[in-house]
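Residue numbers (this note's numbering): 6 to 236. Quick reminder that beta carbons are idealized off the backbone N, C-alpha and C, glycines included. It should be emphasised that the depicted structure is a prediction, and the values quoted were computed from it without experimental measurement. Only one structure is covered here, and it is reproduced in the block below.
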């Protein structure tokens, strides 16, 4: 997946709120938009090297988005809009085969009950497979954890995937780790017990649980490989 636009290196200063951060750019402190509502506290540390993406929308409040963080030897994508777009692109080009190869049609933002799932797959106008995509940025000792902040919405998604499965649909959750240093995925029991319990119930109900890590570059992000899921 190509990441279009001009990228500029900066230094993280502090998080102002969920969607704003103060950064040092060319020796001047500015406010950048953070396209991720997660805590990111292990990544957004004062002094951390970050990469900003200049917005094409000249009427926006902030000129830059904080989209990458450099940590150790790795570049980490923190833009929460990337995983669903990447999943769509990779499924369409067959990179996630054999997991979804039997489906010829793909729709995005599909409704089930009062939830909206990222992807719906089928072989006609009917949706046969509901797939929710979650982006993961938190990794400790090569283990990826989700979520990094409590997610009531995420838990509701899991409940509805279980309902979809009971009604005869196929259903799955796709965790995309937006970095390449993870080899295992686990739910974050310490941060969100309710989500973690519901993910276990989903697996036991037959909902597919997938996790993949990514190769991340400033101009390109792609799926690297499937990693082990431990519940």
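How many angstroms separate the CA atom of residue i from the CA atom of residue j?
i           : j           : result
residue 144 : residue 160 : 21 Å
residue 179 : residue 193 : 16 Å
residue 138 : residue 122 : 8 Å
residue 130 : residue 189 : 36 Å
residue 142 : residue 182 : 6 Å
residue 166 : residue 23  : 28 Å
residue 61  : residue 11  : 9 Å
residue 231 : residue 105 : 14 Å
residue 107 : residue 6   : 23 Å
residue 118 : residue 200 : 19 Å
residue 21  : residue 128 : 46 Å
residue 97  : residue 88  : 14 Å
residue 35  : residue 90  : 28 Å
residue 33  : residue 59  : 16 Å
State the DSSP-derived secondary structure class of residue i, mapped to helix, strand or coil.
i           : result
residue 218 : strand
residue 158 : helix
residue 23  : coil
residue 88  : helix
residue 67  : coil
residue 107 : coil
residue 113 : strand
residue 45  : coil
residue 175 : strand
residue 37  : strand
residue 198 : helix
Which residue wins for smallest C-alpha separation from residue i, given the options the options?
i           : options               : result
residue 235 : 229, 151, 170 and 91  : 151
residue 1   : 149, 175, 129 and 209 : No information on residue 1 is available, as it lies outside the stretch 6 to 236 that the chain covers here.
residue 177 : 86, 12 and 92         : 92
residue 212 : 169, 196, 191 and 190 : 169
residue 67  : 39, 45, 82 and 88     : 39
residue 226 : 34, 70 and 84         : 84
residue 115 : 125, 107, 109 and 108 : 125
residue 112 : 98, 74, 132 and 119   : 132
residue 86  : 99, 20 and 71         : 71
residue 37  : 198, 18, 197 and 25   : 25
Please work out which residues of its chain come closer than 7 Å, Cβ to Cβ, to residue i, disregarding the five sequence neighbours upstream and downstream, and give them in chain order.
i           : result
residue 15  : 28, 29, 30, 55 and 57
residue 185 : 79, 218, 219, 220, 221 and 229
residue 208 : 214 and 236
residue 203 : 160, 163 and 164
residue 205 : 236
residue 81  : 48, 73, 74, 142, 183, 184 and 221
Tell me which residues share the same chain as residue i and place their Cβ nearer than 6 Å to its Cβ, disregarding the 5 neighbours each side in the sequence.
i           : result
residue 101 : 95
residue 43  : 153 and 154
residue 13  : 57
residue 8   : 224
Residues in the same chain with beta-carbon distance under 8 Å from residue i, minus the five sequence neighbours each way, listed in chain order, please.
i           : result
residue 171 : 210
residue 147 : 186, 187, 188 and 189
residue 19  : 26, 27 and 51
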